[in-house]
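Asks:
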Amino acid sequence: MAEPQPLPFDPIAEARRHWRERWGEEPARPMAAVTSIMRVQQILLARLNELLRPHGLTFPRYETLMLLVFSSSGSLPVGKMGERLQVHRTSMTHMADRLEEAGLVTRVSHAQDRRSTLIAITDAGRALAERATRTLNDAGMAMDPLGEAEQEAITRLLTAIRRDEGDFA
């Protein structure tokens, strides 16, 4: 399949122009901001997945491994993992299945609650997460078009929206 060619114009700027003509600048400004955020999310996810592909990972699978790497015991219940990654329990179970098939995680009994199962990262999972992290760090997490101050500013601005929407306390 051929690589998509860049458009000869900015479609979001064009949409903003149409929006402004029809409804004015006040609603056009947030429309352009939201549309830009959504498009950048698509671009970044595609780039991160491209960087992770040689490791046999997607960004959601990488995030799952890193959650386990950062947990104090290297294991968490599926439900807790879903909460922290903000994905439905069914999706989290499917993710754990794929990672288990690859030998990157294993299911273990919960010592305090026999009804519960923990997902634990394996040595192979830790090693892969480390290699993948080096790749992402070397690529600046695909944020290299922005300088340090810009990266801090965008994080601060998006955190304000997340906080206002109740994403965290």
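So the number in our numbering is just where the residue sits in the sequence shown, counting from 1, plus 2.
Idealized CB from N, CA, C, for every residue including glycine.
When the Cα atoms are used, what is the spatial distance from A48 to I163?
Replies: 23 Å
Asks: At what residues does the alpha helix (DSSP H) containing T95 begin and finish?
Replies: 91-103
Asks: Exposed or buried, R116, counting other C-beta atoms within 10 Å across all chains shown (16 or more means buried)?
Replies: In this structure R116 is exposed. Its beta-carbon is surrounded by fewer than 16 other beta-carbon atoms within 10 angstroms.
Asks: What did DSSP end up calling T108 once you bin it into helix, strand or coil?
Replies: strand
Asks: Distance, Cα to Cα, I45 vs H57?
Replies: 20 Å
Asks: Under three-state DSSP, which class holds S77?
Replies: strand
Asks: Throw me the rounded Cβ distance for the L78 and L69 pair, which I believe falls under 8 Å.
Replies: 7 Å
Asks: I think T108 touches T124, with their Cβ atoms under 8 Å apart; what is that distance to the nearest whole Å?
Replies: About 6 Å separates the beta carbon of T108 from that of T124, a gap short enough to meet the 8 Å contact definition.
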